[in-house]
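So the structure is just underneath, and the comments pick up after that.
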Amino acid sequence: MIVDSSDWIARLLPYGVKLVQLRAKDLSDEVLRKEIIRARSLCEAGGAQLVVNDYWRHAIDLGCDFIHLGQEDLETADLKAIRQAGLKLGVSTHDEAELARALETGPDYIALGPIYPTILKKMPFAPQGLARIGEWKKRIGTIPLVAIGGITLERAPGVLEAGADSAAVVTDITLNADPEARARAWAAMAGGALRATDDSAASAGFPD
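Printed below as a string of structure tokens:
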């Protein structure tokens, strides 16, 4: 789940959300730090993982676990400092050149998008489609692949079947008439997918 405020995190964590990316924009440093501190505290109390988008300096200073960077952020981010601080790194990709650049950073996960048309923001890239997910997964191997962009609860199973390890959701929850119910439905779907993966691994002789 990707949200733009800690208020959303507080609102939706009780409904089974376990992974949150805080994508806060256009805030002063003081307000931004307060948002990250509150988001971190909420996620720690709720047993969820927090990923901070863009603001790697604050993520380091505030003892966060994950930072997500876009391609433009890679231009200015101190990757050595991020690694020395023990942060795990996720990187956005949209085309072959960006994927190659992302792989050079030794990322802990790679995001591909937009999979479907998205209303979240204007994108210079056409929708990637499900086939691209499989191509990316073959390229990156064991690195987790996160699909993002226009993904709804109904589309999520196809995204996972195409090869994504997880699907990022934004407006399908935040713009839903009942965000809490939608978050609960997403959590149930994710839990079912995880159980199916564990069952498959066990039947194939792989450890959990």
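When the sequence shown is numbered by the numbering used here, its final residue is 822 and no position is left out of the sequence of numbers.
Heads up, the beta-carbon is just placed ideally off N, CA and C, and yes, glycines get one too.
- Counting C-beta pairs closer than 8 Å gives fewer than three between the stretch 687-695 and the stretch 651-659, which falls short of the contact rule.
- Scanning the stretch 697-735 from its first residue to its last, the whole beta strand (DSSP E) runs of 3-plus residues come out as 702-707 and 723-726.
- If you check the CB distance, residue 764 and residue 731 come in under 8 Å.
- 750 is the residue among 745, 750, 700 and 682 whose C-alpha sits nearest the C-alpha of residue 711.
- Residue 664: member of the beta strand (DSSP E) spanning 663-667, first to last residue.
- Residue 619 and residue 725 have their alpha carbons spaced roughly 21 Å apart.
- Residue pairing by DSSP places residue 780 opposite 760 in a beta bridge.
- Rounded to whole angstroms, residue 651 and residue 679 show a C-alpha spacing of 12 Å.
- Bridge partners of residue 680 according to DSSP: 665 and 702.
- DSSP links residue 633 through a beta bridge to 663.
- Note: residue 616 is bridge-paired with 635 in the DSSP secondary-structure output.
- Residue 788 and residue 675 have their alpha carbons spaced roughly 29 Å apart.
- Between the beta-carbon of residue 635 and that of residue 682 there is about 6 Å, and that keeps the pair under the 8 Å contact cut.
- Look at residue 693 here: in three-state DSSP terms it is helix.
- For residue 740 against residue 761, the beta-carbon gap comes to about 15 Å, at or over 8 Å, which does not count as contact.
- In the same chain as residue 801, and ignoring 5 residues on each side of it, the C-beta atoms closer than 8 Å to its own belong to 629, 630, 631 and 632, in chain order.
- Distance from the Cα of residue 644 is smallest, within the candidate group 627, 625, 626 and 669, for 669.
- Between residue 803 and residue 770, the CB-CB gap stays under 8 Å.
- Judged by their CB atoms, residue 747 and residue 773 are nearer to each other than the 8 Å cut-off.
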